[in-house]
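First up is the structure itself, then whatever we jot down about it.
Protein chains: 2
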Amino acid sequence: MAADQANSRPTRPPALRDVAVAAGVSHQTVSRVVNGNPRVLPATRERVLQAIEELGYRRNHAARALATSRTRVLGVVVVNTRLYGPSGTLLGIEQAARQAGYWVSVASVPEGDATAARDAIGHFLDQGVDGLAVVAQTEPVLRAAQQAAGACPTVLVTSGPVEPTDATTRAGLVRIDIDQAMGVGLVVSHLAQLGHRQIAHLAGPTGNLHAQARLEAWRRHVSTAGLTLGPLLQGDWSAASGYALGLTWANAAQPPTAVFAANDTMAQGLLRALHEEGWEVPRDVSVVGFDDSPGTDQTIPPLTTVRQDLEALGKACVEALVGLMEGFPQAGVLLPPGLVVRDSTARPPAAH
Amino acid sequence: MAADQANSRPTRPPALRDVAVAAGVSHQTVSRVVNGNPRVLPATRERVLQAIEELGYRRNHAARALATSRTRVLGVVVVNTRLYGPSGTLLGIEQAARQAGYWVSVASVPEGDATAARDAIGHFLDQGVDGLAVVAQTEPVLRAAQQAAGACPTVLVTSGPVEPTDATTRAGLVRIDIDQAMGVGLVVSHLAQLGHRQIAHLAGPTGNLHAQARLEAWRRHVSTAGLTLGPLLQGDWSAASGYALGLTWANAAQPPTAVFAANDTMAQGLLRALHEEGWEVPRDVSVVGFDDSPGTDQTIPPLTTVRQDLEALGKACVEALVGLMEGFPQAGVLLPPGLVVRDSTARPPAAH
DNA sequence: CAGCCCCGTGTTAGCGGTAACTTAGACTGA
DNA sequence: TCAGTCTAAGTTACCGCTAACACGGGGCTG
Chain A
9 MAADQANSRP
19 TRPPALRDVA
29 VAAGVSHQTV
39 SRVVNGNPRV
49 LPATRERVLQ
59 AIEELGYRRN
69 HAARALATSR
79 TRVLGVVVVN
89 TRLYGPSGTL
99 LGIEQAARQA
109 GYWVSVASVP
119 EGDATAARDA
129 IGHFLDQGVD
139 GLAVVAQTEP
149 VLRAAQQAAG
159 ACPTVLVTSG
169 PVEPTDATTR
179 AGLVRIDIDQ
189 AMGVGLVVSH
199 LAQLGHRQIA
209 HLAGPTGNLH
219 AQARLEAWRR
229 HVSTAGLTLG
239 PLLQGDWSAA
249 SGYALGLTWA
259 NAAQPPTAVF
269 AANDTMAQGL
279 LRALHEEGWE
289 VPRDVSVVGF
299 DDSPGTDQTI
309 PPLTTVRQDL
319 EALGKACVEA
329 LVGLMEGFPQ
339 AGVLLPPGLV
349 VRDSTARPPA
359 AH
Chain B
9 MAADQANSRP
19 TRPPALRDVA
29 VAAGVSHQTV
39 SRVVNGNPRV
49 LPATRERVLQ
59 AIEELGYRRN
69 HAARALATSR
79 TRVLGVVVVN
89 TRLYGPSGTL
99 LGIEQAARQA
109 GYWVSVASVP
119 EGDATAARDA
129 IGHFLDQGVD
139 GLAVVAQTEP
149 VLRAAQQAAG
159 ACPTVLVTSG
169 PVEPTDATTR
179 AGLVRIDIDQ
189 AMGVGLVVSH
199 LAQLGHRQIA
209 HLAGPTGNLH
219 AQARLEAWRR
229 HVSTAGLTLG
239 PLLQGDWSAA
249 SGYALGLTWA
259 NAAQPPTAVF
269 AANDTMAQGL
279 LRALHEEGWE
289 VPRDVSVVGF
299 DDSPGTDQTI
309 PPLTTVRQDL
319 EALGKACVEA
329 LVGLMEGFPQ
339 AGVLLPPGLV
349 VRDSTARPPA
359 AH
């Protein structure tokens, strides 16, 4: 060991050959042992394993990837990692990938920066990832991803209309998400059941497909339930925007009895604004969020929200990717979210 | 293009050779162009670039890594990615790495699972990462990381006493963090200045080095400021634990006028408990958090907290790693946090 | 104008694995 | 007993790229 350090030129790590020499076998036999090939005599295997142990051999991933042209690495491009949704999705994918024996390389790109996304995808293609997951809620980034799909199995974690272009159908491209519309449906029917007649919406930023999906679902579900669409305000996911919008809302002429915020963080700001303006939640007004992000159970009051199973989402992504790699066409997946009823929703105050 | 599809055997992607043939030069010249070597005639370069364009050539990362034995990939092991701190740190590292021309491979392991951490580190070593960052706040994981440091430049993003063992000093091992004690110092002096005489602490889980560092700094700073150590309660970072502890606290015989929570999420639960029990913040009691995680600006009331610059942290990690790779010994880094004063702290109620 | 250096380019030899084929010996069955 | 298998190993030929060296020709020096 000290000899290693003292040696003039830095000793290169032991290779298959070195192990072979040490064990008195051919490098191929070592390869067989390393790969768990059963056609090796136990005695030989033992000798090889011992040599591996002694030399501290580790197989070289690059060489293996070069020879097999498979890396067992999945690339994940995430937009807007600061938010709970994307970062949770990333974590979900990472967990599932590891369990499936894959490893994850990550690139986090700023929202809407299609060039950065394209670069990241290009890098992953260079790196020879076996599969690609793109977690994005903006059109430009998705388009970049669709182009990539020709070169490698790709999963788009996104909602909204991804029109099946030529490239889409030809290549291994799958769309997976948690069913946004269904989540909103749960919210609306919960509020309707409580007796609310009008539901306002605090939407996410324009151009974000999740924001858009939730907005459209709000419109549709409120209408089909025979309820009235309350005022529509638009925020940017941040708590501060929720607060600002909450002030606006609270001073409106005839505020409705229920507000559906497109995410929990905005809902939190909204709660504060209502509190400041003297509205009591849920007595005067019911508030619902979306995501069930950490801490949402301890807002004042604890927030009714929609829970998305990000772990399941990750698992679905990896499964689809693996299926695609094995050559099976994969159908898109829409996972069901669940409603978590807490203390921010109640019957509306008696009419008039 | 259609021909590609129709071809019986799947056409392998174009290699350096193919480009060379197309451009009528040797593969080495193509390599020079690809690597930006200036010793190529503009005319030749142009021809090569055109051939690259036409064939859609991308260089093979595995082959390159094999030949150079450098991958330009950084491995990051993160413990407890669900929390704001670790996930933000990961993001910070990713951003900085990309800017420095490196790419990031991630493994998220459960808290305290040293085996998983060891596996992840082993994998990264196999994969031939050029550097390793371990974001962990538990001893067992750190020990695993220290062993790895011999094989590859390593940065430990962690607080607490990492004793410089033989391995540490010999290998490229650096410790980087945001100065926890300094953050706590800001909190304590802020509260002292407001006139508080006793400060309680809502600590994080035992065995977590950040929790421990914050706890110890609380003890030290409160004592040296000549103040009284208030009751010490222990949570698990979650908002729910903060809430439960808050109820306990509120029903104590003589609750002090100020509480320092070890993170914002617990502080949020604490705020709710106080609110429920009829205490008004900050009139009756001041509350301070730690992290400045998203939404902390819109709790009721907005929380005074300690902001950690996770982007700077990431940058420091990458810089240290790059320095280490280039053979320069690196000193550890402690980044200064800042105090964000909001509405949850005020002068204590007048002492009778 | 010989000698030198430098420039643009080509040639060769690996990097550390895996796949596919080959070989030597043991075992089988007619 | 001998062809026919089967088994455990060895041999060889790449995978796609880079590093190091080789080489011819033009410009410079003395």
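So the protein sequences, as listed, match chains A and B. Taking my numbering, the leading residue of the first sequence gets 9, the next gets one more, and so forth. Taking my numbering, the leading residue of the second sequence gets 9, the next gets one more, and so forth. Cβ coordinates follow ideal geometry from the N, Cα and C atoms, glycine included. Quick caveat: nothing in here was measured; it's all calculated off a predicted structure.
### Query
Three-state secondary structure (DSSP) at residue 312 of chain A?
Three-state result, residue 312 of chain A: strand.
### Interface flag, residue 334 of chain B vs chain A, CB-CB below 8 Å
no
#### Entry: Contact with chain B by residue 184 of chain A, beta-carbon distance below 8 Å
no
#### Entry: CB of residue 352 of chain A within 8 Å of CB of residue 294 of chain A, strictly
Going by beta carbons, residue 352 of chain A and residue 294 of chain A fall inside the 8 Å limit.
### Query
Can you tell me whether DSSP reads residue 245 of chain A as helix, strand or coil?
Coil.
### Query
When burial is assigned at 16 or more other CB atoms within 10 Å of the CB, is residue 361 of chain A buried or exposed?
Outside the shown range of chain A (9 to 360) lies residue 361 of chain A, about which nothing can therefore be said.
### Message
Strictly by DSSP, which residues pair up with residue 222 of chain A?
### Response
Answer by DSSP bridge pairing: none, since residue 222 of chain A is not bridged.
### Alpha carbon of residue 107 of chain A to alpha carbon of residue 340 of chain A, nearest angstrom
22 Å
### Query
Along chain B, which residues have their Cβ under 7 Å away from the Cβ of residue 273 of chain A?
302, 303
### Message
Let me make sure I understand the geometry here. Which of A:304, A:276, A:309 has the alpha-carbon closest to that of residue 288 of chain A?
### Response
A:309
### Query
In three-state DSSP terms, what is residue 257 of chain A?
The three-state reading of DSSP puts residue 257 of chain A in helix, counting H, G and I together.
### Query
Thinking C-alpha only, which one of B:276, B:152, B:96, B:85 is nearest residue 89 of chain A?
B:96
#### Entry: Contact set for residue 317 of chain A: own chain, Cβ-Cβ below 6 Å, skip 5 residues either direction
Contacts found: none.
### Task
Please go through the same chain and pick out, in chain order, the residues whose beta-carbon is closer than 8 Å to the beta-carbon of residue 26 of chain A, but skip the five residues on each side of it.
Around residue 26 of chain A: 63, 65.
### Query
Per DSSP, what kind of secondary structure is residue 357 of chain B in: helix, strand or coil?
coil
### Task
Kindly indicate which three-state DSSP category residue 103 of chain B falls into: helix, strand or coil?
helix
### Query
Whole alpha helix (DSSP H) runs in the segment 72-119 of chain B with 4 or more residues, listed along the chain?
92-107
### Query
Is residue 209 of chain B helix, strand or coil when you go by DSSP?
Residue 209 of chain B: strand per DSSP, three-state reduction.
### Query
The alpha helix (DSSP H) with residue 132 of chain B in it runs from where to where?
Boundaries of the alpha helix (DSSP H) around residue 132 of chain B: 122-135.
### Task
Return the residue from the list A:109, A:118, A:56, A:102 that minimises the CA-CA distance to residue 117 of chain B.
A:102
### Message
Once the 5 residues before and after residue 338 of chain B are set aside, which same chain residues still bring their CB inside 7 Å of it?
### Response
182, 328, 331, 332
### Message
residue 280 of chain B and residue 276 of chain A - do their beta-carbons sit closer together than 8 Å?
### Response
Not in contact: residue 276 of chain A and residue 280 of chain B (Cβ atoms no closer than 8 Å).
### Query
Would the beta-carbon of residue 193 of chain B fall within 8 Å of that of residue 157 of chain B?
Cβ distance not < 8 Å, so residue 193 of chain B and residue 157 of chain B don't count as in contact.
### Task
Check whether the Cβ of residue 238 of chain A lies closer than 8 Å to any Cβ atom in chain B.
The Cβ of residue 238 of chain A sits no closer than 8 Å to any Cβ of chain B.
### Task
Give the residues of chain A in contact with residue 134 of chain B, contact being defined as C-beta atoms less than 8 Å apart.
66, 67, 68, 69
### Query
Along the chain, where does the beta strand (DSSP E) that runs through residue 269 of chain A open and close?
266-269
### Message
Using only CA atoms, which one of A:133, A:299, A:44, A:334 lies nearest to residue 270 of chain A?
### Response
A:299
### Task
For residue 250 of chain A, count neighbouring Cβ atoms within 10 angstroms of its own Cβ and tell me buried if that reaches 16, exposed if not.
buried
### Message
Let me check understanding here. Comparing Cα to Cα, which of A:93, A:303, A:78, A:189 lies closest to residue 20 of chain B?
### Response
A:78
### Message
Per the DSSP calculation, residue 141 of chain B is bridged to which residue(s)?
### Response
B:84, B:163
### Query
chain A partners of residue 103 of chain B, CB-CB under 8 Å?
Simply 116.
#### Entry: Cβ neighbour criterion (16 or more within 10 Å) applied to residue 47 of chain B
exposed
### Message
Going by C-alpha to C-alpha distance, which of B:86, B:94, B:110 sits closest to residue 128 of chain B?
### Response
B:86
### Message
Here's the rule I'm using: 16 or more other beta-carbon atoms within 10 Å means buried, otherwise exposed. How should residue 76 of chain B be labelled?
### Response
exposed
### Message
Counting only Cβ pairs nearer than 7 Å, list the residues of chain A close to residue 163 of chain B.
### Response
Contact annotation for residue 163 of chain B against chain A: no contact, minimum CB-CB distance about 17 Å [criterion: below 7 Å].
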